[in-house]
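To keep things clear, I will list the structure first and then write my remarks on it.
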Amino acid sequence: MASPKGIWKVIAASSAGTLIEWYDFYIFGSLSTIIAAKFFPSENPTAALLSTLATFAAGFIVRPFGALVFGRLGDLIGRKSTFLLTLVLMGFSTFLIGCIPSYETIGAWAPILVLLLRLLQGLALGGEYGGAATYVAEHAPANRRGFYTSWIQTTATLGLFLSLGVILSIRRLVGVDEFTNGNGWRYPFLASILLVIVSIFIRLRMNESPLFAKLKSEGKTAKNPLKESFGNKANFKMVLLALFGATMGQGVIWYTGQFYAQAFILTKCNVEYEQANTIILISLVFATPFFVLFGWLSDRIGRKNIMMTGMLLGVLLYRPIFQELYQTADASHKNIASTSSSTSVNDDKKQTTIAVYKTFDDSSRLKTTVVQSASGSITKDEVTLNESGKWKMIALVAVMVLFVTMVYGPIAAFLVELFPTKIRYTSMSLPYHIGNGVFGGLVPFIATLITTIKGTDYLSGLWYPIGIAALSFIIGCLYLSNKSAKEVTN
Amino acid sequence: MNQLKKYLGLIWMLLGPVAIAILVWGAATNIDVAGKSDINKPLPWIIIIAIFTPIAIGLTIFGWYAWKEEYKRYADE
Chain A
414 MASPKGIWKV
424 IAASSAGTLI
434 EWYDFYIFGS
444 LSTIIAAKFF
454 PSENPTAALL
464 STLATFAAGF
474 IVRPFGALVF
484 GRLGDLIGRK
494 STFLLTLVLM
504 GFSTFLIGCI
514 PSYETIGAWA
524 PILVLLLRLL
534 QGLALGGEYG
544 GAATYVAEHA
554 PANRRGFYTS
564 WIQTTATLGL
574 FLSLGVILSI
584 RRLVGVDEFT
594 NGNGWRYPFL
604 ASILLVIVSI
614 FIRLRMNESP
624 LFAKLKSEGK
634 TAKNPLKESF
644 GNKANFKMVL
654 LALFGATMGQ
664 GVIWYTGQFY
674 AQAFILTKCN
684 VEYEQANTII
694 LISLVFATPF
704 FVLFGWLSDR
714 IGRKNIMMTG
724 MLLGVLLYRP
734 IFQELYQTAD
744 ASHKNIASTS
754 SSTSVNDDKK
764 QTTIAVYKTF
774 DDSSRLKTTV
784 VQSASGSITK
794 DEVTLNESGK
804 WKMIALVAVM
814 VLFVTMVYGP
824 IAAFLVELFP
834 TKIRYTSMSL
844 PYHIGNGVFG
854 GLVPFIATLI
864 TTIKGTDYLS
874 GLWYPIGIAA
884 LSFIIGCLYL
894 SNKSAKEVTN
Chain B
603 MNQLKKYLGL
613 IWMLLGPVAI
623 AILVWGAATN
633 IDVAGKSDIN
643 KPLPWIIIIA
653 IFTPIAIGLT
663 IFGWYAWKEE
673 YKRYADE
């Protein structure tokens, strides 16, 4: 085991890299509207097809595939070299996305290159997490494994925080127009290279995991990690148990509490872009320390009980919380204090824009914009909440992120303890990325699917994460053990 | 408790094919060449059904293991 000073170096080196990988992966998602306009014009069917592939294939196919490719490599040649490779792959893919000329300049090459780089990002992310979690866990003493690995668990949320913070800062710095229509959106991608170089430098100075190094020196590493992970019944049934009893539920709780909440506040509550993202940012700051708290607690009272409580709370409270979010922004029951309007005409685009501003007696505001053109009219509402409304939303989102910290804080230690050292990287990476990438990533798509059913409303989409979390809760409660393994060598 | 875990295995075995059937039904009713959202395009459905099929088979195998009481020794008792 690493010395107390050494373990913090291990945690810092692993967490910094994983944080940057999450940052890289999120900025693409956060800037997807701008990227679509620059690289995937909807009037071009090939570009639209490539856009769909970039959205769906990167998360659903390539992430689990990356888990297999890099998991196998990590069990064959070592954790350190493998998660160094994923970091390089992610960093350069992200940087290059920021360098690609737009569709207007190089035509179809633009969406093809962006798609390829996005797929490489998904591949790298699939390999990174398992390596970092395994690496830290294999340095940690048994009685503090939950606590030490929970620092890795903070990186997914901090990566979202960092990406939103960088995007909002650059947007303010260069102006909305330059950011959206000029080159401002490229800076968050280009900035990645600096972060990656620093992280590579730190990681290069680290040693191999002691448990893996010992296995290697004894010649006991796996010959075929994929076959031993999934072809061996004793191990395969634990992979299935990890997936259906833990990561599946964790994935939907994780996605709903952060990303679905963000999309709901923006698109269903119509809260203004900067205020909506500020609400998410502040909520993340409040809730992030709880990853460490629940990781620490899992060393004392067991991992299962905490994870299952988080899932149960999500199942029971998602609908009332989202209902409250909606009510907070709903202007239909408020009294109007003042109204004003403005009209502008764009002769080039042959568009007339009418903006109506309403201020309510609680100081919240509603801006309704109607853009009229030959092809019809588009109406958009934008709500700016008053201070109490804003803080109420922050509290509600923070509570949902708290559920995320309960299911996600202890899960790295839980997965590590389920599998033997020689196939750990492969075995834990796949259920993790299926849980997060597939089950979590499907939340917006299935939520939209549910709302197409007759008689549904704006909250109906929540039945997917609620149903999956409930199923995982039942399986987890019945089939998982709350006991933590003392030894993780075999 | 062990009997409950064993018999729930039958439910997990059934859930796999049911999940696939729901997705295929969803694809059949929502794919629309005139539609513009992701839910109307065939490609997301192809990707999702392709990636979900092995997962659903995994759920059925999990149910089979539960039915065979393979998880008995991992639980708390």
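Chains as they are written, first to last, in the numbering used here: chain A, 414 to 903; chain B, 603 to 679. For glycine and all other residues, C-beta sits at the position ideal for the given N, C-alpha and C. Note that the structure is a prediction, hence the values are computed from the model and not measured.
Check: Within chain B, partners of THR861/A - CB distance below 8 Å; Outcome: SER639, ASP640 and ILE641
Check: For PHE773/A, the residue or residues it bridges with in DSSP; Outcome: ILE749/A
Check: C-alpha gap between TYR838/A and PHE478/A, whole angstroms; Outcome: 13 Å
Check: Simplified DSSP assignment, three categories, for GLU679/B; Outcome: At GLU679/B, the pLDDT of 40 sits below 50, so the modelled position is not reliable; the number obtained from the coordinates is stated separately. Coil at GLU679/B, not helix or strand.
Check: Integer Cβ distance of GLY543/A from MET841/A, believed to fall under 8 Å; Outcome: 5 Å
Check: Counterpart residues of GLY789/A in DSSP-defined beta bridges; Outcome: SER786/A
Check: Beta bridge counterpart(s) of SER757/A as assigned by DSSP; Outcome: THR766/A
Check: Distance CB(MET661/A)-CB(PHE886/A) smaller than 8 Å; Outcome: no
Check: Whole-Å CB distance - LEU893/A paired with ALA659/A, under 8 Å assumed; Outcome: 7 Å
Check: Whole-number beta carbon distance between ASN690/A and LEU581/A, since they are thought to touch under 8 Å; Outcome: 6 Å
Check: Straight-line Cα distance separating LYS627/A from ASN556/A; Outcome: 21 Å
Check: Alpha helix (DSSP H) runs contained entirely in the region 620-695 of chain A, provided each spans 4 or more residues; Outcome: 623-630, 638-643, 646-655 and 661-668
Check: Contacts around GLY665/B, its chain only, beta-carbon distance under 6 Å, and the 5 residues preceding and following it disregarded; Outcome: GLY611, TRP614 and MET615
Check: Cβ pair VAL370/A, PHE473/A closer than 8 Å; Outcome: Residue 370/A is absent from the model: chain A starts at 414 and stops at 903.
Check: Chain B contacts from the region 869-881 of chain A (Cβ-Cβ distance under 9 Å); Outcome: none
Check: Cα-Cα separation between THR655/B and ILE622/B, rounded to whole angstroms; Outcome: 7 Å
Check: Contact set between the region 657-680 of chain A and chain B, restricted to residues whose Cβ is under 8 Å from the partner; Outcome: PHE657
Check: Three-state secondary structure (DSSP) of THR631/B; Outcome: helix
Check: From ILE866/A, TRP876/A and GLY868/A, residue whose alpha carbon lies closest to that of VAL856/A; Outcome: TRP876/A
Check: Straight-line Cα distance separating THR756/A from GLY727/A; Outcome: 45 Å
Check: Separation of ALA635/A from HIS552/A, as counted between CA atoms; Outcome: 20 Å
Check: contact_flag[the region 704-719 of chain A, the region 595-602 of chain A] where n(CB pairs < 8 Å) is 3 or more; Outcome: no
Check: Test item: CB-CB of TYR426/A and MET651/A under 8 Å; Outcome: Residue identity check: residue 426/A is Ala in the sequence provided, not Tyr. The answer is no: Cβ separation not under 8 Å.
Check: Sufficient close CB pairs (3 or more, under 8 Å) joining the region 765-784 of chain A to the region 742-757 of chain A; Outcome: yes
Check: Partner residues on chain A for ILE649/B, Cβ-Cβ distance less than 7 Å; Outcome: PHE469, ALA470, PHE473 and ILE474
Check: Of the residues ARG584/A, LEU577/A and LEU617/A, the one placed nearest GLY442/A, counting alpha carbons only; Outcome: LEU577/A
Check: Beta carbon proximity, GLY650/A to chain B, threshold 8 Å; Outcome: Note that residue 650/A corresponds to Lys in the displayed sequence, not to Gly. By this cut-off, LYS650/A is an interface position.
Check: Nearest residue (CA-CA) to MET612/A, options ALA450/A, LEU502/A and PRO524/A; Outcome: Looking at the sequence provided, one finds Ser at residue 612/A rather than Met. Ranking ALA450/A, LEU502/A and PRO524/A by Cα distance to SER612/A puts LEU502/A first.
Check: Close beta carbons around ILE904/A, own chain, < 7 Å, minus the five adjacent residues each side; Outcome: Nothing can be reported for residue 904/A, as the shown portion of chain A is limited to 414 through 903.
Check: Minimum C-alpha distance to GLN740/A - residue among ASN849/A, ARG531/A and LYS803/A; Outcome: LYS803/A
Check: Below-8 Å beta-carbon distance, VAL611/A vs any chain B residue; Outcome: no
Check: Contact list for GLY628/B against chain D, beta-carbon separation under 9 Å; Outcome: Judged by its chain identifiers, the structure shown contains no chain D, and its protein chains are A and B.
Check: ASP794/A, DSSP secondary structure in three states; Outcome: strand
Check: Where THR781/A sits in the DSSP three-state scheme; Outcome: strand
Check: Cβ-based burial, ALA652/B [other Cβ within 10 Å; buried from 16]; Outcome: exposed
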